[in-house]
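Protein chains in written order, with the numbering used here: chain A, 1 to 415; chain B, 416 to 830. Beta carbons are placed, not taken as given, at the ideal position from N, Cα and C, and that holds for glycine. Quick caveat: nothing in here was measured; it's all calculated off a predicted structure. Heads up, the thing below is written out as structure tokens.
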């Protein structure tokens, strides 16, 4: 495994130089990489075909296989992502404030790159391009560890990215891919606190838990979204169906899709039938508690396990609650602290929900599907943090930086 | 060890209630605790006497023993610290910004408590009071794990703090002390990611490393300060001695005291004698490299190990460098990324040092001794972060909070 250590060393040793690049230098390299990926799309597609063949041999199909496939149009989209990143403001170097303290020292805080970032992710090869682009723009050096399903695609992509860096006069080791796809190299990466400043796992709950429990490098958890919508008794009736159908069925495989609906008992009889019908018309399987099934007998039965499950599929579970307090307690117990929404016309309940639900994004009267860097206007995102330190919610460029205190003196000593 | 888990559970279960306290409620409890500690100082001193006796039996003496001692005046000081915290602005509830995104959703970021914080610390019992006060003011629940040397003092203090909470109508479990002083309970605390949101180790390098390497709870590293001052060739001659003597000898046992001096070769001959003399007159032992010792033969010899050492004592080591670049490389290699200073009149070198030294606080023409929450105007501090995520440098109240996105809608669904 010595090569993993070597990769860490190489990343660390060029990190200071990457941090010093000007915005122009970084943008020029991003645009060059964008062009080069498009020009060499055939190479990428050939490598991707190998991955697809292998995946089919291993019985991968459906959505998982689809996420792996790269064609001309997807390559164009992910390449254009780099041009979009080039257009964003560079957060590095911004001075957040300078204050003069009583002895005359000017104390300021300046935004600087984090250093070396590791990203561990699963099948999707577009994360390779995004991770590179966001890291370069923020002056960080990145080590990528993609899934074994996409290894050939990732190797082809990273080769092209490194070529673009070289032609731009930037150390190629700004981006490195770990080519060993075994678990041992992932474990070794998690222990390299000597070289890495941050580790971001992107993928399923299993991957994220493993990284949190084993890493000695600081970790930002991303992604898991066991999201809820609470329909309060006072909810605007016309908004209920559009919002829950949008939150569940517009794209059920993503982390900000809703998984569970809580309905206030006082509105249950009035809306149960139409909620059920609306969801079924959108191919959503409905699992519900006793009280709901008393009204809609066709609904399947929800069991305890359902409340803990992030389906990422056309399935939803429904629970009746007696109050906004019970809804909040249920959410704080079962959610993964990603996104939750309340539908209400009650001022008190809207404020209570906003204050007391302990999640990264809390909505009033809207679909949960907006928790997303591009929707929030960040232009790009590296993931959605569901933890509380450093970054919470969608992480854009700013969240890939840190600060340092800069202090201008003229001979001050401490009394 | 089941009681450690029980402590975690109890902290978590009152955490939502603590987060909801108003500023008035928190301040009232802080002032009550301040008064109560003073009124019961005899109880604290009696408990402290047991700790001191035990410490003496175990051969603890000097600075370590001194840090343990509580007398009337120290109890007054630490109690007044709570009244000072009551005076500070409450960061909780501040909305950092609200922006309307194109579809009409109002997306804001609100400052909220982190939740449950664990603090692991060594001998000083005043950390018990500070940790309680800063956590309460920020709406956090805290679990304290103090050193075994101060266990009787800590038990007495926490009993009084809990009494004050109870009288203020606040759940006493807002502050809990782990009374087992064995290593196993520390280890168990580090693994309680189910109940804890943040773990802050305060103490020596050994403690901090152990926590970073074993914790599954997010950690903020604090404290270790292997600090440097670089004397550039263009340094204002009159400032050199006052600054290095202040940075080393004003209080050598603290993390922002300087440990190593780098001298540009072009100024070495001119200043070596006076630097040596000035330091010796302040009882500082000087260990130096060959080039310095060629001029000042009485200086002791510095070895490789010296550059890595945080003496926390009246000892300093001196190295000659050929350029600002060599100084920066040396610092980035050996420092613990706490505080470093350059003495220079060169615009280029001041900017280069500020940009390229990768530490929490970088100074121009001042003593390193100012890296401190109260000096920077935060009013109080829980520690000085030497890592890059979430907080870097002195951590005040703001650093004990996180944010959440609050989103006000009127029926928005995603296209």
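What does residue i reach in chain B if we use C-beta pairs closer than 7 Å?
i: residue 246 of chain A; result: 828 and 829
i: residue 239 of chain A; result: 826
Would you mind telling me which residues of chain B sit closer than 9 Å to residue i, beta carbon to beta carbon, in chain order?
i: residue 351 of chain A; result: Per Cβ cutoff of 9 Å: no residues; residue 351 of chain A is ~10 Å from chain B at best.
Strictly below 8 Å CB to CB, what residues from chain B border residue i?
i: residue 362 of chain A; result: 819, 820, 821 and 822
i: residue 390 of chain A; result: 804 and 805
Going by alpha carbons, who is nearest to residue i out of the options?
i: residue 586 of chain B; options: B:528, B:630, B:786 and B:433; result: B:433
i: residue 624 of chain B; options: B:466, B:608 and B:536; result: B:536
i: residue 764 of chain B; options: B:618, B:607 and B:779; result: B:779
i: residue 85 of chain A; options: A:55, A:188 and A:139; result: A:139
i: residue 722 of chain B; options: B:673, B:737, B:759 and B:694; result: B:673
i: residue 244 of chain A; options: A:148, A:314, A:211 and A:64; result: A:314
i: residue 777 of chain B; options: B:576, B:671 and B:682; result: B:671
i: residue 727 of chain B; options: B:476, B:749, B:642 and B:795; result: B:642
i: residue 710 of chain B; options: B:697, B:734, B:443 and B:725; result: B:734
i: residue 7 of chain A; options: A:177, A:232 and A:60; result: A:177
i: residue 237 of chain A; options: A:133, A:344, A:402 and A:202; result: A:344
i: residue 631 of chain B; options: B:566, B:457, B:533 and B:813; result: B:533
i: residue 388 of chain A; options: B:448, B:529 and B:492; result: B:529
Provide the residue span of the alpha helix (DSSP H) that contains residue i, from first to last.
i: residue 311 of chain A; result: From DSSP, residue 311 of chain A is part of no alpha helix (DSSP H); its letter is neither H nor E.
i: residue 745 of chain B; result: 739-749
i: residue 449 of chain B; result: 438-454
i: residue 68 of chain A; result: 62-68
i: residue 768 of chain B; result: 762-771
i: residue 521 of chain B; result: First-last for residue 521 of chain B: 521-528, but that is the beta strand (DSSP E), not the alpha helix (DSSP H).
i: residue 201 of chain A; result: Looking at the DSSP string, residue 201 of chain A is not in any alpha helix (DSSP H); the run it does join, the beta strand (DSSP E), is 198-202.
i: residue 620 of chain B; result: 620-629
i: residue 792 of chain B; result: Run containing residue 792 of chain B: none; DSSP gives neither H nor E here.
Over the uninterrupted beta strand (DSSP E) stretch that includes residue i, give me the two end residues.
i: residue 401 of chain A; result: 401-412
i: residue 277 of chain A; result: Not the beta strand (DSSP E): residue 277 of chain A falls in the alpha helix (DSSP H), residues 265-281.
i: residue 394 of chain A; result: 393-395
i: residue 776 of chain B; result: 776-781
i: residue 138 of chain A; result: Element bounds for residue 138 of chain A: n/a, residue is neither H nor E.
i: residue 758 of chain B; result: 754-758
i: residue 515 of chain B; result: 510-515
i: residue 645 of chain B; result: 642-646
i: residue 604 of chain B; result: Looking at the DSSP string, residue 604 of chain B is not in any beta strand (DSSP E); the run it does join, the alpha helix (DSSP H), is 598-605.
So is residue i buried or exposed if we call it buried at 16+ other beta carbons inside 10 Å?
i: residue 300 of chain A; result: exposed
i: residue 409 of chain A; result: buried
i: residue 1 of chain A; result: Note that residue 1 of chain A scores 43 on pLDDT, short of 50, meaning its location in the model is unreliable; the coordinates nonetheless yield the value given after this. With fewer than 16 other Cβ atoms within 10 Å, it is exposed.
i: residue 412 of chain A; result: buried
i: residue 15 of chain A; result: buried
i: residue 39 of chain A; result: exposed
i: residue 394 of chain A; result: buried
i: residue 347 of chain A; result: exposed
i: residue 515 of chain B; result: exposed
i: residue 598 of chain B; result: exposed
i: residue 22 of chain A; result: exposed
i: residue 73 of chain A; result: exposed
i: residue 583 of chain B; result: buried
i: residue 718 of chain B; result: exposed
i: residue 63 of chain A; result: exposed
i: residue 199 of chain A; result: buried
i: residue 568 of chain B; result: buried
Residue i versus chain A: which residues are under 9 Å apart at the beta carbon?
i: residue 657 of chain B; result: 411 and 413
i: residue 808 of chain B; result: 109, 403, 404 and 405
Any heavy atom of the ligand MG closer than 7 Å to the beta-carbon of residue i?
i: residue 257 of chain A; result: Because no ligand of any kind appears in the structure shown, any question about the ligand MG cannot be addressed here.
For chain D, is any of its Cβ atoms less than 8 Å away from the one on residue i?
i: residue 478 of chain B; result: No chain D appears in this structure, whose protein chains are A and B.
Anything in chain A within Cβ reach of residue i, meaning under 8 Å, just list it in chain order.
i: residue 431 of chain B; result: 332, 356 and 358
| Of all the residues that make up the segment 290-320 of chain A, which are near chain B by a beta-carbon distance shorter than 7 Å? | Per Cβ criterion, the list is empty.
| query | Between the segment 203-218 of chain A and chain B, which residues of the former have a C-beta closer than 8 Å to a C-beta of the latter? | reply | Residues 212, 213, 216 and 218.
| message | Residues of the segment 356-384 of chain A in Cβ contact with chain B at a cutoff of 8 Å, in chain order, please. | response | Listed by position, the residues of the segment 356-384 of chain A near chain B (Cβ gap below 8 Å) are 356, 358, 359, 360, 361, 362, 363, 364, 365, 366, 367, 369, 370, 371, 375, 376 and 377.
| field | chain B contacts from the segment 100-119 of chain A (Cβ-Cβ distance under 7 Å) | value | Residues of the segment 100-119 of chain A with a Cβ closer than 7 Å to any Cβ of chain B, in chain order: 101, 105, 107, 114 and 115.
| query | Using a beta-carbon distance cut-off of less than 8 Å, what residues from the segment 155-167 of chain A approach chain B? | reply | Listed by position along the chain: nothing, the set is empty.
| said: Which residues of the segment 28-52 of chain A have a Cβ closer than 7 Å to any Cβ of chain B? Give them in chain order. | reply: Correct list: empty, as no residue qualifies.
| query | Of all the residues that make up the segment 183-199 of chain A, which are near chain B by a beta-carbon distance shorter than 8 Å? | reply | Only 193, 197 and 198 from the segment 183-199 of chain A bring a Cβ to less than 8 Å from some Cβ of chain B.
| task | Quick one: which residues of the segment 661-680 of chain B get their C-beta closer than 7 Å to a C-beta of chain A? List them in chain order. | result | Taking 7 Å as the Cβ-Cβ cut-off against chain A, the residues of the segment 661-680 of chain B that qualify are 661 and 665.
| Proximal residues, the segment 71-89 of chain A versus chain B, C-beta separation under 9 Å | Residues: none.
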